[in-house]
Amino acid sequence: MACVLEYGENIGTLRNIFHDLHQATVFAKRLIELAEEEYTCVAENKWFCKEKNEYVEIQDS
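Residue numbers (this note's numbering): 7 to 67.
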């Protein structure tokens with residue numbers, strides 16, 4: 007199982023669960039592509055948006 011977390015001051019924590027890492031990666035990259043602001047990769051499978059002060063992170067268990 008893999009999980010995509012979106013978290014920040016204004017949104018709290020949103021968790022989306024997927025059967026595998028590939029599905030989670032596709033979802034996270036789509037979120038980032040559709041965002042109006044730019045996300046920067048800050049670690050493996052973790053991105054930060056300075057303008058919104060929000061993160062998108064993939065956790066693989």
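Every residue, glycine too, gets a C-beta built ideally from N, C-alpha and C. The model shown is predicted, which means the values in this text are computed figures rather than measured ones.
* Asked: What do you get for I64, buried or exposed, if any count of 16 or more other CB atoms within 10 angstroms of its CB means buried?
  -> With 16 or more other CB atoms across the displayed protein chains lying within 10 angstroms of its CB, I64 is buried.
* To do: Express the C-alpha separation of E60 and L11 in angstroms, rounding to a whole number.
  => Cα-Cα distance, rounded: 10 angstroms.
* Asked: Can you name the residues that DSSP bridges to Y13?
  -> Partner(s): T19 and Y61.
* Environment of A49 [buried if 16+ CB atoms lie within 10 Å] -> Residue burial is scored here from C-beta neighbours: A49 has fewer than 16 other C-beta atoms within 10 angstroms and is therefore classed as exposed.
* Asked: Quick one: what's got a C-beta closer than 7 angstroms to G14's C-beta in the same chain, skipping five residues either side?
  -> Excluding positions up to five away in sequence, the list reads K58, N59, E60 and Y61.
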